[in-house]
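Undergrad: Below: one structure in structure tokens.
Residue numbers (the working numbering): 796 to 1032.
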């Protein structure tokens, strides 16, 4: 199997407090995989370890077969890995376009920034309309579009999204997950971390259930949707 990401038995701690325990997972090229679980399960910590924000206590991370465990985050980004963080984390007083261009800040991507910007605007016409507007004045859904667009400015082959529907109205949640499908159809491999298990499992082909810093269950998304534990704990059944 051609895997874009494989993490093997990783453990991550914040000082003396360990948060992730022996997590192993893989994401095949061209797939959408999801990481579901309750708040505090370790999903965000896992994604931050993959992008290089947090060091590993043990284990290893492979991107397209390359061991990047000891690589700094900026070198991983040059491998066309991108993370859309939880909470959007936009620069509120900067314009939409300034926020987007920061997604192409590394020199390797700056040369293609104009083309990338046009591609993002074609996907999000509302962002083009509001390109001179301060990001902090956008609606919640528009801010999420801006955060996703910023991640796409680096033309990633592998995109991680952390709680993309957090704090959004139900109608906007549907739009966000439709967007995930659209990005995947363009050939981008996706790892989606979400508490909203119903939507996450509906857009993915394979899923992992994370509880208390460990992978409790994994399998094809349709199989997880039918699992009694998942249905009772996460799908409200």
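All C-beta atoms, glycine included, are put in the ideal place defined by N, C-alpha and C.
1) Measuring CB to CB, does residue 837 end up less than 7 Å from residue 867?
2) If we ignore side chains and look at the alpha-carbon of each, how far apart do residue 975 and residue 998 end up?
3) DSSP beta-bridge partners for residue 821?
4) Return the CA-CA distance between residue 804 and residue 883, expressed in angstroms with no decimal places.
5) Using C-beta distances below 8 Å, list every residue in its chain close to residue 799, excluding the 5 sequence neighbours before and after it, in chain order.
6) Determine whether the beta carbon atoms of residue 888 and residue 929 lie at a separation below 7 Å.
7) Determine the direct distance from the alpha carbon of residue 904 to that of residue 849, and round the result to whole angstroms.
8) Give me the DSSP bridge partner(s) of residue 984.
9) For residue 993, which of 945, 1010, 830 has the nearest alpha-carbon?
10) Unbroken alpha helix (DSSP H) runs of length 4 or more, entirely within the region 913-959: which are they?
11) For residue 949, I'd like the list of residues in its chain whose CB is within less than 8 Å of its CB, leaving aside the five on either flank, ordered along the chain.
12) Look at the alpha carbon of residue 835 and the alpha carbon of residue 828, and state the distance between them as a whole number of angstroms.
13) Who pairs with residue 862 in a beta bridge, going by DSSP?
14) Restricting to Cα atoms, I'd like to know which of 808, 933, 906, 802 is closest to residue 819.
15) If contacts are defined as beta-carbon pairs under 8 Å, then residue 839 and residue 957 qualify, I think. What distance do you get, rounded to the angstrom?
16) Return the chain-ordered list of same chain residues with a C-beta closer than 6 Å to the C-beta of residue 894, the five sequence neighbours on each side being excluded.
17) Would residue 916 and residue 923 qualify as a contact pair, given that the criterion is a beta-carbon distance under 7 Å?
18) Check each candidate in 1004, 947, 963, 964 and name the one with the smallest Cα separation from residue 1020.
19) Spatial neighbours of residue 991 within its chain, please: C-beta separation below 6 Å, excluding the five flanking residues on both sides.
TA: Taking the coordinates as given:
1) Stepping through the chain shown from its first residue, residue 837 is reached at position 42. Stepping through the chain shown from its first residue, residue 867 is reached at position 72. Not closer than 7 Å, so no.
2) The sequence position of residue 975 within the chain shown is 180, counting from 1. The sequence position of residue 998 within the chain shown is 203, counting from 1. Taking the straight line from one Cα to the other gives about 7 Å.
3) Here residue 821 corresponds to residue number 26 of the chain shown, with the count starting at 1. Paired residues: 801.
4) Locating residue 804 in the chain shown gives position 9, where the first residue counts as 1. Locating residue 883 in the chain shown gives position 88, where the first residue counts as 1. When rounded, the distance between both Cα atoms is 29 Å.
5) Your numbering for residue 799 matches position 4 in the chain shown. Excluding residues within five positions, the ones whose Cβ falls inside 8 Å are 822, 823, 824, 858, 859, 952, 953, 984.
6) Indexing the chain shown from 1 puts residue 888 at position 93. Indexing the chain shown from 1 puts residue 929 at position 134. Yes. Within cutoff.
7) Walking along the chain shown from the start, residue 849 turns up at place 54. Walking along the chain shown from the start, residue 904 turns up at place 109. Straight-line Cα distance between these residues: approximately 24 Å.
8) For the purposes of this step, residue 984 is identified with residue 189 of the chain shown, where counting begins at 1. In the DSSP output, where bridge partners are listed per residue, residue 984 has 953.
9) Here the question's residue 993 lines up with position 198 in the chain shown. Nearest option by C-alpha distance: 830.
10) 920-924, 935-947
11) One-based indexing of the chain shown puts residue 949 at position 154. Cβ neighbours of residue 949 beyond the five flanking positions: 872, 875, 877, 898, 899, 901, 904, 911.
12) Along the chain shown, read from residue 1 onward, the residue named residue 835 stands at position 40. Along the chain shown, read from residue 1 onward, the residue named residue 828 stands at position 33. Cα to Cα, the separation comes out at about 20 Å.
13) Working through the chain shown from its first residue, we reach residue 862 at position 67. Its beta-bridge partners are 857.
14) Within the chain shown, numbered from 1, the residue matching residue 819 stands at position 24. For the residues 808, 933, 906, 802, the minimum Cα distance to residue 819 belongs to 802.
15) Translated into the one-based positions of the chain shown, residue 839 becomes position 44. Translated into the one-based positions of the chain shown, residue 957 becomes position 162. Right, their Cβ atoms sit about 6 Å apart.
16) The residue given as residue 894 occupies position 99 in the chain shown. The residues are 885, 886, 930, 941, 945.
17) Numbered from its first residue, the chain shown carries residue 916 at position 121. Numbered from its first residue, the chain shown carries residue 923 at position 128. Result yes, Cβ atoms of residue 916 and residue 923 sit closer than 7 Å.
18) The sequence position of residue 1020 within the chain shown is 225, counting from 1. Ranking 1004, 947, 963, 964 by Cα distance to residue 1020 puts 1004 first.
19) Counting from one through the chain shown, the residue named residue 991 turns up at place 196. In chain order, 960 place their CB closer than 6 Å to the CB of residue 991, counting only its own chain and leaving out the 5 sequence neighbours on each side.
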